[in-house]
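Visitor: For reference, the structure I am asking about is given below.
Residue numbers (full-length UniProt numbering): 1 to 330.
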């Protein structure tokens with residue numbers, strides 16, 4: 001049965017990523033039988049939306065609902081650019097990216113750090129070797145544009161996935177700029193103060209939503225920074241299956257940082273039983289680093305996104321907890 005299921009799908013996904021050794025082809029096949037039909041219906045609806053409102057200049061509840069259900073691949077780049085504000089920002093400074101590629105004095109330490117990380121970026125992607133020079137351009141341009149951030153590990157995964165989706169250096173640069181400066185401000189700064197603050201916020205949200213999970217994690221003494229730092233730094237790139245990441249990013253570009261907390265909380269809520277079944281820290285680390293980032297729960301991107309938005313979470317709660325976290329850190 002497994003051979004029959006796996007024969008329906010390549011060992012490489014549509015974005016060029018190799019499927020894992022333990023990829024569940026049978027369950028994936030069942031999921032895709034339904035999901036492909038959903039994608040077809042969704043594309044027809046999106047064609048109608050973009051015909052009526054090509055600039056997406058009138059965001060409303062209907063558009064938000066459609067974005068949560070997923071932006072079809074052929075429309076993703078243009079929709080991301082519009083809903084994030086990246087397109088408007090690019091039009092205001094049309095020559096910025098090219099000027100950054102042609103500056104007189106590059107900072108050697110920055111470019112050396114980027115060069116070291118290029119071979120580590122998506123080594124299991126069969127198409128990505130040909131994109132690494134372009135990825136270098138994006139990362140170097142942004143690092144020299146925003147000297148306060150410079151280059152930080154994790155940006156390579158965000159920019160790399162943006163490049164895979166857009167196949168466009170300049171658009172990837174502007175979307176990266178939006179993520180770093182608007183979605184995750186100061187996550188990538190040298191002291192990562194905002195990252196530490198939001199990890200504290202996330203811990204408090206877990207205490208409030210799934211207290212048994214928090215008690216178990218703290219009993220086994222696994223720090224939240226070990227579990228979730230990469231989730232926040234990379235906005236789940238190089239963590240979850242790529243289609244699930246892109247569905248999360250659809251919502252991030254439309255709704256902002258709250259979606260990152262939703263995704264992180266959903267990881268805990270949907271895996272509560274598995275987390276509580278871990279009897280030692282080694283088992284818990286294996287669950288977080290290997291098992292639950294590629295299981296059927298997260299591979300079924302549609303139901304995972306539904307789980308995210310079934311959770312009660314408001315901007316006001318996050319902002320209130322951020323203030324408390326800052327006070328506690330001082």
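For each residue, glycine too, the CB sits at the ideal point set by N, CA and C.
Candidates 217, 304 and 308: which alpha carbon is nearest residue 281's?
Guide: It is 217 whose Cα lies nearest to the Cα of residue 281.
Visitor: Under a three-way DSSP split, which group does residue 300 fall into?
Guide: Coil.
Visitor: Looking at the structure shown, is residue 18 part of a helix, part of a strand, or coil, going by DSSP?
Guide: Looking at residue 18 - three-state DSSP - the assignment turns out to be strand.
Visitor: Please go through the same chain and pick out, in chain order, the residues whose beta-carbon is closer than 6 Å to the beta-carbon of residue 122, but skip the five residues on each side of it.
Guide: Within the same chain, residue 122 has close Cβ partners 128 and 160.
Visitor: Which of helix, strand or coil does DSSP assign to residue 53?
Guide: DSSP places residue 53 in coil when its eight states are reduced to three.
Visitor: Out of 12, 177, 39 and 68, state which residue places its alpha-carbon closest to the alpha-carbon of residue 88.
Guide: Residue 88 has its Cα closest to that of 177, out of 12, 177, 39 and 68.
Visitor: Given 8 Å as the limit, is there contact between the region 296-309 and the region 17-37, that is, 3 or more CB pairs closer than that?
Guide: Yes: the two stretches touch, three or more of their Cβ pairs being nearer than 8 Å.
Visitor: Buried or exposed for residue 2, going by 16 or more other Cβ atoms inside 10 Å?
Guide: Because residue 2 sits at a pLDDT of 40, beneath the cut-off of 50, its placement in the model cannot be relied upon, and the following sentence gives the value as read from the coordinates. Exposed is the call here.
Visitor: Classify residue 12 as helix, strand or coil using the three-state DSSP reduction.
Guide: Three-state DSSP puts residue 12 in a strand.
Visitor: Would you list the residues sitting across from residue 347 in a DSSP beta bridge?
Guide: In this structure the chain extends from 1 to 330, so residue 347 is not present and cannot be described.
Visitor: Below 6 Å CB to CB, which residues in the same chain sit around residue 214 once its five sequence neighbours on both sides are set aside?
Guide: Around residue 214: 206 and 207.
Visitor: For a test of the three-state rule: what should DSSP assign to residue 125, helix, strand or coil?
Guide: Strand, per DSSP.
Visitor: Count the other CB atoms within 10 Å of the CB of residue 169; is the residue buried (16 or more) or exposed (fewer)?
Guide: Its Cβ being crowded by 16 or more others within 10 Å, residue 169 is buried.
Visitor: Look at the alpha carbon of residue 5 and the alpha carbon of residue 243, and state the distance between them as a whole number of angstroms.
Guide: Caution is warranted here: a pLDDT of 46 is assigned to residue 5, below 50, making its placement in the model unreliable, and no coordinate value can be reported.
Visitor: Do three or more CB pairs link the region 73-84 to the region 250-260 at distances below 8 Å?
Guide: With a cut-off of 8 Å, the region 250-260 and the region 73-84 count as touching, because enough Cβ pairs lie within range.
Visitor: Please report the straight-line C-alpha distance between residue 7 and residue 39, rounded to a whole angstrom.
Guide: At residue 7 the pLDDT is 48, less than 50, meaning the model places this residue with poor confidence and gives no usable figure here.
Visitor: Among residues of its own chain, excluding the 5 on either side of residue 118, which ones have a beta-carbon nearer than 8 Å to its beta-carbon?
Guide: Cβ neighbours of residue 118 beyond the five flanking positions: 132, 135, 136 and 156.
Visitor: Taking a contact to mean a Cβ-Cβ separation below 8 Å, would you say residue 175 touches residue 220 in this structure?
Guide: No, the pair does not count as a contact, with Cβ atoms beyond the cut-off.
Visitor: Locate the alpha helix (DSSP H) running through residue 163, then write down its first and last residues.
Guide: Start and end: 155-166.
Visitor: Could you check what DSSP says for residue 3 in three-state terms: helix, strand or coil?
Guide: A caution first: residue 3 carries a pLDDT of 41, below 50, which makes its placement in the model unreliable, though a value can still be read off. Residue 3 falls in the helix class under three-state DSSP.
Visitor: Please report how far the alpha carbon of residue 44 lies from the alpha carbon of residue 68, in whole angstroms.
Guide: Distance between the alpha carbons of residue 44 and residue 68 is about 16 Å.
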